[in-house]
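Residue numbers (our numbering), protein chains in the order written: chain A, 2 to 273; chain B, 509 to 1196.
Heads up, the beta-carbon is just placed ideally off N, CA and C, and yes, glycines get one too.
Following: one structure in structure tokens, then a few remarks.
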């Protein structure tokens, strides 16, 4: 029964769920996955330019449970190390279960140029386990990111993942890998209230249009609200907690057909 | 002192000073804003009258902002929950307002909101509002009003065309025709003493109903109401016809429940308790009595109703409650008042500064069994002659968040829950998020709340709305709603889902010129196959709408232009369109007490999917949002003449001309031969 449910969900995911552009790329903790212009937080395999704004070493783990099925979950881990010349980040993500799983490793470098703009580049290695050949196959995928601060309140971001549209070709199958272009904006209505927008285009999927608000209601509590559309309208809600050096994000989104998608992330910032 | 300085400063610098507003114009615009969209999507007739009368009553008995309770402020439908909270919080935090200009210091209120509020509120010292009432005061200060309204269509409808002599061999007979004449008329008497005592009698005859003859001796519908407010410990006592609204409407809300509209933040019905019923709608009210008693921070309410309702009874069962109120033919008369309905209910509400919670229950007993004709979509509809529903609701202000919700359950164990929050992160932005889950098995008689359809069942969805005022003259409002029907609905034979977006920008150039643009996109599903097909085929329908509205005034003239269009597409079929444009001109004569409104409207919406709705001015307390479908035009002239301080007249004549070569309009008894439809309406108001 569970297998049938899983197969059905995978089928729907593959055919209809354009919003989940690539399941191995972890969703960001930014509400409605509007991380491309999020200057406050670097998320693994999202815009590497944001690594440039990191001023202290940080470590984060994240778990995303899609539609209450552990087989569809994505787990990720990331570490950022800022230095005087370049900030360096290492990240890893895993999606799937024993019979089918995908993994992504990345090493990124970014620099903040006088707080006017930041650039980043990341080298990713993607690998997936193919049951038919009982083996792993992989490919290198570059990623480039840019963030421009037009003013203290307004900035924009751009990111491309696998711009050369690399794929994996095995004896039996060609595995198409996601090729993703994202652009977005971030606007601070006040120090505590942020508005972000983002448009994503995965070359063979619908556009994804997203917007989200983050409201730092208390010193250690934030409330997040947003939504995105890519065929379906998907509302998103989230909260963020901060206690000393630890940041916790809990997000959820409601897909009208598939149900609830939840995400939990814990980040530790050294020296805070 | 600082506040006084700011207030005075604002008086001088404010470029848009508040000035006396046309109460009727504000009321009508508010109703249009709220109801136009609802009318287009509702499959039930909406009672505008109560809404209209409540607002006009507020204009005559303005609310003292320094003393207003939450319930009193909630009477103003254009104020959002956040604005109500902010007004109360401001008065609590800084003390009584000194002038109306101080409203500009309250977060979330812009000049448009303040202008709308001004006719309905005032700033004054706190007074004792529950003074003893003496008969001499009632006679001296009580206001009496009498309204007589007459409507007539000029073209003779099929239902009034009697055959001279019935031929037994002819398939045509007179038996299905209307028994009465074409006149609609109603008589209303109203009495009120401040906002303490309200009473009235209503009598109505619909067109086609007999006034005096074998089936009727007088009017078809009579209604009496009396409401006493602030009488000793009693907050409210109602007798006769009344309505009851508690919580967020999942258990009991017989008034119209707010929903999706361009007032994107006003999404939940207001907890107004017991209130008189004075409309001519013949179904949606209780008849009996009830009272609310105030005990410290608790309000306790009990009520009872016993009335006859319409239904097609057979062997002690009937398939549906008939709510049209029409008793024009023998067939309709056979179904009149055939079922006895008894209702008993109660509510307990605790109110504190930042917290409110309450419980509501209602029990209904019918003397015939309600047994709907079963099909897949109504499989879970209520069936039986007894129903009990109960629910708990709450409202909590925590920091800048206003959390609210209600959870209800019927005696079948089915659940409905609605929860949300509103917040004001910065002064220019207000937001609301609202989640609803209504089980397919939850079907109760008096629920009315936020929903995609008029029924509160079989729905699961999340709504997010926001209003942004980035600059002084601009306001942007938007909402997004995503919902799912887990069980088939009427016209959709499978579980389905839909989305709905609205974006509106308002630009107020100055006191005399204002405009807005509205864009709306909706996608939902509908049957492609015939209803009830063994293998249903359900396809998406996309509808995109645009509207531009411009109002401006020059001297005694005021103008309004509206251009509206929509595109609709079912599955992969070609897109179809509908457009309408109208020009309104109003003129207020300076030498005689006469006001005239004229409209010319053109419409081109050949397909039913592209039908358009637009509100039009009418006689006092009447309001129409007709549907336009086909190709044609409509024009009307609406006159108001105030003979003296006591007597006023309204007269309206409207005609619709179809230019799409149709030879008849409407169907059945309502059929009019030809391509024109003309209506006249007359209202007399006598105040004494």
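Item, Value
"Using a Cβ-Cβ distance cut-off of 8 Å, determine whether residue 19 of chain A contacts chain B.", "With a pLDDT of only 39 at residue 19 of chain A, under the threshold of 50, the placement of this residue in the model should not be trusted; the figure read from the coordinates follows. It does not: the Cβ of residue 19 of chain A has no partner Cβ on chain B nearer than 8 Å."
"Alpha carbon to alpha carbon, how far is residue 826 of chain B from residue 880 of chain B? Give it in angstroms, no decimals.", "7 Å"
"What's the C-alpha gap between residue 533 of chain B and residue 208 of chain A?", "44 Å"
"To the nearest angstrom, report how far apart residue 39 of chain A and residue 162 of chain A are at their CA atoms.", "17 Å"
"Specify, as a first and last residue, the run of the alpha helix (DSSP H) that residue 595 of chain B falls within.", "589-602"
"Measuring only between beta-carbons, confirm whether residue 145 of chain A sits less than 8 Å from chain B.", "no"
"How is residue 850 of chain B classed by DSSP in three states: helix, strand or coil?", "strand"
"Kindly say whether residue 511 of chain B, judged by its beta-carbon, lies nearer than 8 Å to any beta-carbon of chain A.", "Note that residue 511 of chain B scores 48 on pLDDT, short of 50, meaning its location in the model is unreliable and no value can be drawn from it."
"Considering only residues of the stretch 981-1056 of chain B, which uninterrupted beta strand (DSSP E) runs meet the minimum length of 3 residues and lie entirely inside it, listed in chain order?", "982-993, 1004-1016, 1021-1035"
"How many Å lie between residue 543 of chain B and residue 961 of chain B at the Cα?", "14 Å"
"Considering Cα atoms alone, identify which of A:68, A:112, A:59, A:97 is closest to residue 91 of chain A.", "A:59"
"Check distances from the C-beta atoms of the stretch 177-197 of chain A to those of chain B and list, in chain order, the residues that come in under 9 Å.", "190, 191, 193, 194, 196"
"List in chain order: all unbroken beta strand (DSSP E) runs of 3+ residues lying wholly within the stretch 804-873 of chain B.", "806-819, 847-859"
"Along chain B, in chain order, which residues have C-beta atoms closer than 9 Å to that of residue 127 of chain A?", "Under the 9 Å cutoff, chain B gives no residues; its nearest Cβ is about 32 Å from residue 127 of chain A."
"Out of B:987, B:994, B:804, B:980, which one is the CA nearest neighbour of residue 966 of chain B?", "B:994"
"Output yes if chain A places a C-beta closer than 8 Å to the C-beta of residue 1005 of chain B; else output no.", "yes"
"At 3 residues or longer, and completely inside the stretch 1094-1161 of chain B: list those beta strand (DSSP E) runs for me, N to C.", "1102-1113, 1138-1150"
"My output table needs one value for residue 113 of chain A: the three-state DSSP class, helix, strand or coil.", "strand"
"Determine, using beta carbons only, whether residue 936 of chain B comes closer than 8 Å to chain A.", "yes"
"Return the first residue and the last residue of the beta strand (DSSP E) that residue 919 of chain B is part of.", "Note, residue 919 of chain B: premise wrong, no beta strand (DSSP E); not H, not E."
"Determine which residues share a DSSP beta bridge with residue 171 of chain A and list them.", "Residue 171 of chain A pairs with nothing; no bridge assigned."
"When we look at the beta-carbon of residue 41 of chain A and count the other beta-carbons within 10 Å, is it buried (16 or more) or exposed?", "exposed"
"Taking DSSP as the reference, what is the three-state secondary structure of residue 567 of chain B?", "helix"
"Unbroken beta strand (DSSP E) runs of length 3 or more, entirely within the stretch 874-924 of chain B: which are they?", "892-906, 909-918"
"Below 8 Å between beta carbons: does that hold for residue 1004 of chain B and residue 1032 of chain B?", "yes"
"Can you confirm whether residue 264 of chain A, when its beta carbon is compared against all beta carbons of chain B, has any partner nearer than 8 Å?", "no"
"Using DSSP with H/G/I as helix, E/B as strand and the rest coil, what is residue 775 of chain B?", "coil"
"Where do the ends of the beta strand (DSSP E) carrying residue 649 of chain B lie?", "Note, residue 649 of chain B: premise wrong, no beta strand (DSSP E); alpha helix (DSSP H) at 643-649."
"Mind checking which residues open and close the alpha helix (DSSP H) that includes residue 197 of chain A?", "Where residue 197 of chain A is concerned, there is no enclosing alpha helix (DSSP H), although the beta strand (DSSP E) it sits in stretches over 194-203."
"Can you name the residues of chain B whose CB is closer than 8 Å to the CB of residue 259 of chain A?", "Neighbours of residue 259 of chain A on chain B: none; closest Cβ ~11 Å, over 8 Å."
"Can you check whether the C-beta of residue 1047 of chain B is within less than 8 Å of a C-beta belonging to chain A?", "no"
"Give the DSSP-derived three-state secondary structure of residue 558 of chain B in the structure shown.", "helix"
"Pick helix, strand or coil for residue 220 of chain A, following the three-state DSSP scheme.", "coil"
"Is there at least one Cβ from chain B nearer than 8 Å to residue 51 of chain A's Cβ?", "no"
"Can you give the beta carbon distance from residue 970 of chain B to residue 986 of chain B, rounded, assuming they're within the 8 Å contact cut?", "15 Å between Cβ atoms; not a contact."
"Rounded to a whole number of angstroms, what is the C-alpha to C-alpha distance between residue 122 of chain A and residue 143 of chain A?", "7 Å"
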